[in-house]
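A short write-up of the structure that comes next.
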Amino acid sequence: MIAFPVFDLKRILVNLKRYGRPAVIAIAAALVLSSCASNEAGSTATDDAAESTLSGTINAAGASSQGSAQESWISAFQTANPKVTINYDPSGSGAGRETFIAGGTDFAGSDSYLNDEELAGAFAACAPDTLAVDLPVYISPIAVIFNVEGVTDLNLDADTLAKIFTGAITTWNDPAIVALNADAELPATAITAVHRSDDSGTTKNFADYLFQAAPDVWTEKPADPFPYQTGEGAQGTSGVVDAVTSGTGTIGYADASRAGDLGVAKIKVGDEFVEYTAEAAAAVVDGSPLVEGRADNDLAIKLDRLTTDATHYPLVLVSYALVCTEYADPAQGALVKEYVSFMASEAGQAEAAASAGAAPLSADLQSKVAAVLETVK
Amino acid sequence: MTTADRIAIKAKERPGDRIFSTATVVAGSLILAVLAAVALFLLVQSIPAFVAPADAFKGEFSNFWSYVAPLAFGTAWSAFLALLMAVPVAIAVALFISHYAPRKLAQGLGYLVDLLAAVPSVVFGLWGIGVLAPMVQPFYANLVEWFGWFPLFAGPVSGTGRTILTVAIVLAVMVLPIITAICREIFLQTPVLYEEASLALGATRWEMITMAVLPFGRAGIISASMLGLGRALGETMAVAMVLSPNPQVIFQLLTSQNSNTIAANIALNFPEAHGVGVNILLATGLVLFVITLIVNMIARVIINRRKAFSGAN
Numbered sequence: 056m057i058a059f060p061v062f063d064l065k066r067i068l069v070n071l072k073r074y075g076r077p078a079v080i081a082i083a084a085a086l087v088l089s090s091c092a093s094n095e096a097g098s099t100a101t102d103d104a105a106e107s108t109l110s111g112t113i114n115a116a117g118a119s120s121q122g123s124a125q126e127s128w129i130s131a132f133q134t135a136n137p138k139v140t141i142n143y144d145p146s147g148s149g150a151g152r153e154t155f156i157a158g159g160t161d162f163a164g165s166d167s168y169l170n171d172e173e174l175a176g177a178f179a180a181c182a183p184d185t186l187a188v189d190l191p192v193y194i195s196p197i198a199v200i201f202n203v204e205g206v207t208d209l210n211l212d213a214d215t216l217a218k219i220f221t222g223a224i225t226t227w228n229d230p231a232i233v234a235l236n237a238d239a240e241l242p243a244t245a246i247t248a249v250h251r252s253d254d255s256g257t258t259k260n261f262a263d264y265l266f267q268a269a270p271d272v273w274t275e276k277p278a279d280p281f282p283y284q285t286g287e288g289a290q291g292t293s294g295v296v297d298a299v300t301s302g303t304g305t306i307g308y309a310d311a312s313r314a315g316d317l318g319v320a321k322i323k324v325g326d327e328f329v330e331y332t333a334e335a336a337a338a339v340v341d342g343s344p345l346v347e348g349r350a351d352n353d354l355a356i357k358l359d360r361l362t363t364d365a366t367h368y369p370l371v372l373v374s375y376a377l378v379c380t381e382y383a384d385p386a387q388g389a390l391v392k393e394y395v396s397f398m399a400s401e402a403g404q405a406e407a408a409a410s411a412g413a414a415p416l417s418a419d420l421q422s423k424v425a426a427v428l429e430t431v432k
Numbered sequence: 003m004t005t006a007d008r009i010a011i012k013a014k015e016r017p018g019d020r021i022f023s024t025a026t027v028v029a030g031s032l033i034l035a036v037l038a039a040v041a042l043f044l045l046v047q048s049i050p051a052f053v054a055p056a057d058a059f060k061g062e063f064s065n066f067w068s069y070v071a072p073l074a075f076g077t078a079w080s081a082f083l084a085l086l087m088a089v090p091v092a093i094a095v096a097l098f099i100s101h102y103a104p105r106k107l108a109q110g111l112g113y114l115v116d117l118l119a120a121v122p123s124v125v126f127g128l129w130g131i132g133v134l135a136p137m138v139q140p141f142y143a144n145l146v147e148w149f150g151w152f153p154l155f156a157g158p159v160s161g162t163g164r165t166i167l168t169v170a171i172v173l174a175v176m177v178l179p180i181i182t183a184i185c186r187e188i189f190l191q192t193p194v195l196y197e198e199a200s201l202a203l204g205a206t207r208w209e210m211i212t213m214a215v216l217p218f219g220r221a222g223i224i225s226a227s228m229l230g231l232g233r234a235l236g237e238t239m240a241v242a243m244v245l246s247p248n249p250q251v252i253f254q255l256l257t258s259q260n261s262n263t264i265a266a267n268i269a270l271n272f273p274e275a276h277g278v279g280v281n282i283l284l285a286t287g288l289v290l291f292v293i294t295l296i297v298n299m300i301a302r303v304i305i306n307r308r309k310a311f312s313g314a315n
């Protein structure tokens, strides 16, 4: 017979009897106290926002990239409008669009805009014969982070970056890297290029930049999974940052807000090497044209990855809110309109910048989004 | 006593008897029903994956079987490596506790090993990426430099140490307590007569262990290993956090590219999966279910063949 180690149940029970009564009293006291506290908090909040008449529930799902921004937007919006409940499920862009099209949610967050096939179909949450539009609400620069002993500054162009991540360049003192970094002392260490092992909009945008800027080297079409079977995979943004931090001779890409103390490479734009800034990321989105052949009120952006303007940082991720132009339920439409307007407003963008490290939309783009939202019914 | 006698003196059934026997029957059939429900759920959900078109799979896979094969390999490979490290250590620890250590030390050590079993796997995962991987990386680099000619240690070495060997070490630490605990109990049950007889015949303590304790405990060691294997096969979080995965069959232990395991692959891809992608992941879960079932059945067969020595008699 196999006897498993068992805790002494009897002793636990005895102990429970001995300490049980004070514990119960303590728990009860804590509950009573905390319920008083929450009552107070509730009443003051209602007093503050007495003028808000909005009420209802918004359900949304989509991109996990804007997940932390959504959390801060939701808490700010719900504080101002205590009768509104908003749920955002960061289930991924594809799932978010699918649920929205099927009518399961009131709006979707998505790292890519609706494609022609999706626009050809019907949207269950929208009024019959009306379509949904893409509104940019979240911009995040993607930083190329590295950890190489003795190297603090690193300049890279798209070709070299693509070669590093496809495995064509394997050591840090490769002539291609040395040519771009005349002043740096590059060691002969092997390069470990770290990418995301889970599906990610960050990977897709990183790949999209290289696909457009270095088409000879990066031949795979951009998609959520990392397309090449080289380099090292790590789970999530924190996994990539962790792998780059604790490894030797590592390089990776991650949301810029998470780069921390790691070295961040400058990317060649035109003739200069540009370090990411929130302004440069917002500028490239601002300077990019809208996707052609779509409705006038659709703000899908065709990111100008090949920009030569040195005030632009082309390695960015733009995430959209997909909303109906006319909702089947007008009351729900008004509610969504309020919330999405808040997301794209100056206050909302400042909130996302503070909590999620996003790059705020330019004032110009903010007003464009606001103008479209004006027409939402 | 014959069957007839037993029927003859059948006592009057009291309510307590009826309630208790019904409760045990319900409990017994419930476990079967749950197992059947899980299997049925996996099977029904998997059907779309088996007939999914090639473009539903990520990467360059043409059908489900080519997609799941490297994952199944990675699952078996990492679990095998983990057991390779864990079983000898577990047997040694168990023997030390049961036959070598002074009684007081043995008890404390036993508790300590059991405590290791209570550590959640996510903690092992954090330990793996935070402590173990950076620690073993320089060692891996040397291994590749000196023994790179040996196929398993071929380069290029991973710069972060997050390889399948690191995963196997983490898994080995995780399965160690369960194997040790069971082996210890088995070794303690070796009939004292056997042990004393071999000692009386002039055997040293080591000879006594090889002649009396180990043969007696063999079936127990196997079933302990199989329980450990079950945990290693299904371990999700620690693998997902530590491993740098790649969708190929890869034997090398020290490179950045490693075959992923089924459970870790599900954990990595499920959050963003939708449509038939969910079915594909569930179908890989079904494969894992079948693998575990086969492993357990093999263990049963081995144990039954050596019934004479099992601890049960």
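So the protein sequences, as listed, match chains A and B. Read left to right, the first sequence gives residues 56 to 432 (the numbering used here). Read left to right, the second sequence gives residues 3 to 315 (the numbering used here). Note that beta-carbon positions come from the ideal geometry of N, C-alpha and C, so glycine has one too.
Using a Cβ-Cβ distance under 9 Å, would residue i count as near chain B?
| i | result |
| --- | --- |
| GLY294(A) | yes |
| VAL249(A) | yes |
| ASP310(A) | no |
| PRO242(A) | no |
| GLU393(A) | no |
| ASP279(A) | yes |
| VAL79(A) | Caution applies to VAL79(A), whose pLDDT of 45 falls short of 50 and renders its modelled position unreliable; the value that the coordinates give is listed next. So no, VAL79(A) is outside the interface. |
| GLN284(A) | yes |
| THR225(A) | yes |
| GLU153(A) | yes |
| GLN121(A) | no |
| GLU126(A) | no |
| GLN133(A) | no |
Say whether chain A places a C-beta atom closer than 9 Å to the C-beta of residue i.
| i | result |
| --- | --- |
| GLN250(B) | yes |
| PHE243(B) | With the sequence shown as reference, residue 243(B) is identified as Met, and Phe is not the correct amino acid for it. Taking Cβ atoms only, chain A reaches closer than 9 Å to MET243(B), which makes this a yes. |
| ALA135(B) | yes |
| VAL159(B) | yes |
| HIS276(B) | yes |
| GLY219(B) | no |
| GLN259(B) | yes |
| GLY230(B) | no |
| ILE93(B) | no |
How should residue i be labelled, buried or exposed, when 16 other C-beta atoms within 10 angstroms of its C-beta is the threshold for buried?
| i | result |
| --- | --- |
| SER130(A) | exposed |
| ILE184(B) | buried |
| THR134(A) | exposed |
| PRO72(B) | buried |
| TYR264(A) | buried |
| LYS218(A) | buried |
| PRO105(B) | For clarity, residue 105(B) is Arg in the given sequence; the question names Pro instead. Exposed, because fewer than 16 other Cβ atoms sit within 10 Å of the Cβ of ARG105(B). |
Residues of the region 162-182 of chain B with Cβ closer than 8 Å to any Cβ of chain A, in chain order: THR162, GLY163 and ARG164
I'd like to know if the region 166-182 of chain B and the region 218-229 of chain B are in contact, where contact means that at least 3 CB-CB pairs between them fall below 8 Å. yes
For the region 222-258 of chain A, which segments carrying the beta strand (DSSP E) assignment without a break, of at least 3 residues, lie completely within its bounds, in sequence order? 247-251
Contained alpha helix (DSSP H) runs [length at least 4] in the region 155-220 of chain A, N- to C-terminal order: 171-175
Quick one: which residues of the region 263-274 of chain B get their C-beta closer than 7 Å to a C-beta of chain A? List them in chain order. LEU270, ASN271, PRO273 and GLU274
Just to confirm the assignment: which complete beta strand (DSSP E) runs, minimum length 3, are found wholly within the region 285-353 of chain A? 287-289, 305-310, 321-324 and 327-329
With a threshold of 8 Å, are at least 3 pairs of Cβ atoms found where one atom belongs to the region 170-185 of chain A and the other to the region 150-159 of chain A? yes
What residues from the region 252-268 of chain A come within 7 Å of chain B, judged by C-beta to C-beta, listed N to C? SER252, ASP253 and ASP254
Contact the region 184-197 of chain B vs the region 96-107 of chain B: 3+ CB pairs below 8 Å: The region 184-197 of chain B and the region 96-107 of chain B touch, with no fewer than 3 CB-CB distances between them shorter than 8 Å.
Within 8 Å, do at least three Cβ pairs link the region 244-258 of chain B to the region 157-176 of chain B? yes
Using a Cβ distance threshold of 8 Å, determine whether the region 404-416 of chain A contacts the region 200-210 of chain A, with at least three qualifying pairs required. no
contact_flag[the region 311-323 of chain A, the region 338-352 of chain A] where n(CB pairs < 8 Å) is 3 or more: no
In chain order, what are the residue ranges of uninterrupted alpha helix (DSSP H) at least 4 long that sit wholly in the region 126-157 of chain B? 135-149
Cβ pair count under 8 Å reaching 3, the region 274-287 of chain B against the region 68-83 of chain B: yes
Report the residues of the region 396-427 of chain A with a CB closer than 7 Å to any CB of chain B, ordered along the chain. none
Whether or not the region 253-261 of chain A and the region 274-283 of chain A are in contact is what I'm after, with contact meaning three or more pairs of Cβ atoms, one per stretch, closer than 8 Å; do they touch? yes
Curious, which full-length beta strand (DSSP E) runs of at least 3 residues does the region 241-277 of chain B contain? none
Quick check: the region 322-335 of chain A against the region 365-377 of chain A, are at least 3 beta-carbon pairs closer than 8 Å? yes
Contact between the region 287-298 of chain A and the region 228-246 of chain A: three or more CB pairs below 8 Å? Not touching, per the Cβ criterion.
Note down, in chain order, all residues in the region 296-329 of chain A with a beta-carbon under 7 Å from any beta-carbon belonging to chain B. ASP297, ALA298, SER301, GLY302, THR303, GLY304 and THR305
Between the region 106-115 of chain A and the region 137-148 of chain A, do at least 3 Cβ pairs fall closer than 8 Å? Counting C-beta pairs with one atom in each stretch, the region 106-115 of chain A and the region 137-148 of chain A have three or more that are closer than 8 Å, which means they touch.
Using 8 Å as the threshold, is the region 330-340 of chain A in touch with the region 371-388 of chain A, meaning 3 or more CB pairs across them? yes
To be precise: take each residue of the region 50-65 of chain B, compare its Cβ to all Cβ atoms of chain A, and keep it if any distance is under 8 Å. Which residues remain? For the region 50-65 of chain B, which is checked against every Cβ of chain A, the residues closer than 8 Å are LYS60 and GLY61.
Quick check: the region 416-430 of chain A against the region 386-402 of chain A, are at least 3 beta-carbon pairs closer than 8 Å? yes
If the cut-off is 7 Å on Cβ atoms, which residues from the region 98-111 of chain B count as contacting chain A, listed in chain order? none
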